[in-house]
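The structure under discussion appears below in the form of structure tokens.
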Amino acid sequence: MKRFWPRVYKFFFTCSPYLLLGFLIIVALTIVLRFYNFTEHVIIHFDSTKDALVAIYGASRLQLPISGPFLSIGPMVTGPWYWIQLILSRLIIPTNYAPWLLMATYSSLTVVTMFAIGVLLVNPVFGLIVGFLASVSPPQIFNAVYLLSHTVISFFATLMVLMFLLLVRHPRSRLLYLIWGFIASMMITIHYQTIGLIILPLIFYWYYRPHLKLVKFFFLGAFFPTIPLIIFELNNFWYNTRHFYQYLRYDQFKIFVPSRWLTFIIDFLPESLAYITGFSTAVSRIMMILLVITFCILAIRKKLDKRWWILTLTLIIQLIILRYYRGEKTPGYLQFLHPLIFLFLGVPYLLIKQSKYQSIILLLILATFLIGSHQTISNSLTPHWLTTETFENLAKIYELKPASAYRILSCGNSADPRVGALAIGLYLQNRYASDGLPLAYTSGACSLPKIPSTAKSEAELFPQVLQLTDFSVASAAAIRDAGWQEINAQHTYQSVARWWMDEQPYSIHATAWKVAE
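Residue numbering for the sequence shown follows this note's numbering, beginning at 529 and increasing consecutively.
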């Protein structure tokens, strides 16, 4: 162990204290951008609220789901590993902010992993460049405070690239193949949009031709993360398989997606690059042109080794798949491409790598990058309006309706994000209880609960607090009969993680899996 850290220092920093200092500065910047005023920056919108409540209930009852969130393209579910990680984080970290802290940790580790990738691919200076790009990338900062299955993909995608580079150096390592397969399968089951990254192992196998005895370890590692989904399929009449067939065979052709190549290259790609870097779309178009020219110059000068060509081919295939994907395309869905994009944004460094002025040039480039994206970074650090409004409203509720605990009711599944935000806000401030003061969000078609006749007026019986109505005078049965339901961790977990137990899609009479004609 005494020799381990000196070897790490020599390999990653070439025994240069300046490189170590640069790395520490980037790590410090990363931590500040992701953890600054953390509790005020967490986003408690629809998905964040749902996922946080799943984590809280799963941890409190020591329950793990066997399926994950639904996809936007149809009634198919992902694997449960995203929710399982949130639940485990809540078990380990003694606060209801634990799921967001896990996201912030993943976002920070993405930066460190990008540094390691840069060192393995080129040198420590290149590692600092791509690490810096990942550190100040607005969506990476955003990932630290938003609960969504997409937000963890960047970290696993960087691990995919890291394992590729490690296997190039150690092509006979069974353990690395096992870990690579596990990471690939984990990433894909968290969200199927990452399935295209399986191209990287395929190209690796085609080029390096590892022995089949080694490849079997990749598949062995890939098998373990699929076990929960296999159990789900076996217990629910192949629910996912049937609906994927329905989508691939019929449903994808029912939606017109205007995405010609010109639109894809001129509009979508620059917008996506602008989203990742924080620059304007116009500047991103110029950056794309300069990067292509730089890459061509490096290719002509034979400055790119086979690893670069494998990564290039992987990126090109990913873009082709994305172009022909018949579904919603937004820059936020490209989390799985972030590590490759960061690497290619750092490609110009290869032109000046041998220059004696490289330090000055690099500082100027990085300073320009930081100045150009500072406004977007600043916006990423601004507290979300819903979080600010929720905590302000809760403070008013505590003042106007003093109680030790509260609970929020809604009329069915409300489309207003403020309802769920109030519920999770109570959990975050440890003011929720199942027997707390019932406050109903007054929207929807539900009527007031029935109560015994009294001389008091309706306003006296059901006083208003902001947009909430105090139902403390009504019984639980009366509230339920009127159509109101409580927004809490138990109900959310049951409806999104154990829905199949209620809907029973394995039944031939269930509507959940019926294939549309």
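No residue lacks a Cβ here, since even glycine has one placed at the ideal position from N, Cα and C.
Coil, strand or helix - residue i by DSSP
i, result
"residue 673", "coil"
"residue 1032", "coil"
"residue 911", "coil"
"residue 546", "helix"
"residue 564", "coil"
"residue 598", "strand"
"residue 966", "strand"
"residue 540", "helix"
CB contact check: residue i to chain B, cutoff 7 Å
i, result
"residue 585", "Within the model displayed, chain B is absent; a lone protein chain is all it includes."
Same chain only: Cβ atoms within 7 Å of residue i, ignoring 5 sequence neighbours per side
i, result
"residue 1039", "Because residue 1039 carries a pLDDT of 47, less than 50, the predicted location of this residue cannot be relied on, and the following value inherits that uncertainty. So no residue of the chain qualifies."
"residue 956", "624 and 625"
"residue 728", "688, 692 and 842"
"residue 594", "608, 756, 759 and 760"
"residue 885", "none"
"residue 584", "618, 624, 955 and 1017"
Boundaries (first-last residue) of the alpha helix (DSSP H) holding residue i
i, result
"residue 770", "767-777"
"residue 853", "It is not in any alpha helix (DSSP H) - residue 853 carries neither H nor E in the DSSP assignment."
"residue 830", "No alpha helix (DSSP H) contains residue 830, which DSSP labels as neither H nor E."
"residue 763", "755-763"
"residue 800", "797-805"
"residue 751", "740-751"
"residue 945", "945-956"
"residue 729", "727-736"
"residue 578", "574-589"
Element boundaries [beta strand (DSSP E), containing residue i]
i, result
"residue 788", "Looking at the DSSP string, residue 788 is not in any beta strand (DSSP E), and its letter there is neither H nor E."
"residue 939", "934-939"
"residue 930", "Run containing residue 930: none; DSSP gives neither H nor E here."
Spatial neighbours of residue i in its chain, beta-carbon cut-off 6 Å, leaving aside the 5 residues before and after
i, result
"residue 838", "731"
"residue 661", "870 and 873"
"residue 557", "663"
"residue 574", "945"
"residue 1007", "977 and 999"
"residue 975", "1010"
"residue 989", "1001"
"residue 1044", "Residue placement at residue 1044 is flagged as unreliable, the pLDDT there being 41, under the threshold of 50; the coordinate-derived value follows with that caveat. Cβ within range, chain order: n/a, list empty."
"residue 655", "643, 646 and 647"
"residue 484", "The requested residue 484 is not part of the displayed model; the chain covers only 529 to 1045."
"residue 792", "851"
Contacting residues, own chain, Cβ-Cβ under 8 Å from residue i (five flanking each side not counted)
i, result
"residue 708", "688, 691, 692, 695, 729, 746 and 749"
"residue 808", "802"
"residue 658", "642, 643, 645, 646, 870, 871, 873 and 874"
"residue 726", "712 and 716"
- For the segment 901-916 and the segment 974-987, state whether three or more C-beta atom pairs, one from each stretch, are separated by less than 8 Å. no
- Item | At least three beta-carbon pairs within less than 8 Å, the segment 591-606 to the segment 618-627 | no
- Entirely enclosed beta strand (DSSP E) segments - the segment 981-1028, minimum 3 residues: 996-998 and 1012-1014
- At least 3 beta-carbon pairs within less than 8 Å: the segment 732-740 vs the segment 758-775: no
- Which whole runs of the alpha helix (DSSP H) in the segment 601-681 are 4 residues long or more, in chain order? 609-620, 626-649, 652-664 and 666-671
- Pair every Cβ in the segment 738-746 with every Cβ in the segment 873-886, then say whether three or more of these pairs are closer than 8 Å. no
- Message: Threshold first: 4 residues or longer. Then list the alpha helix (DSSP H) segments lying entirely within the segment 860-894, N to C.
- Response: 866-873 and 877-880
- Message: Count Cβ pairs between the segment 611-620 and the segment 796-808 that sit closer than 8 Å; are there 3 or more?
- Response: no
- Query: Should the segment 841-857 be called in touch with the segment 778-798, which here means at least 3 C-beta pairs below 8 Å?
  - Reply: yes
- Stretch pair the segment 628-640 + the segment 548-566: three plus CB contacts closer than 8 Å: yes
- Message: Using 8 Å as the cut-off, can you tell me whether the segment 640-660 makes contact with the segment 699-717, which would need three or more C-beta pairs spanning the two stretches below that distance?
- Response: no
- Query: Would you call the segment 858-866 and the segment 669-686 in contact, with 3 or more CB pairs under 8 Å?
  - Reply: yes
- At which residue ranges does the segment 677-711 contain complete alpha helix (DSSP H) runs of 4 or more residues, listed in the order of the chain? 681-697
- Indicate whether the contact test is met: 3 or more Cβ pairs, each with one atom in the segment 986-1005 and one in the segment 920-940, closer than 8 Å. yes
- Three or more C-beta pairs below 8 Å linking the segment 805-824 and the segment 898-910: yes
- Query: Given 8 Å as the limit, is there contact between the segment 1016-1024 and the segment 566-585, that is, 3 or more CB pairs closer than that?
  - Reply: yes
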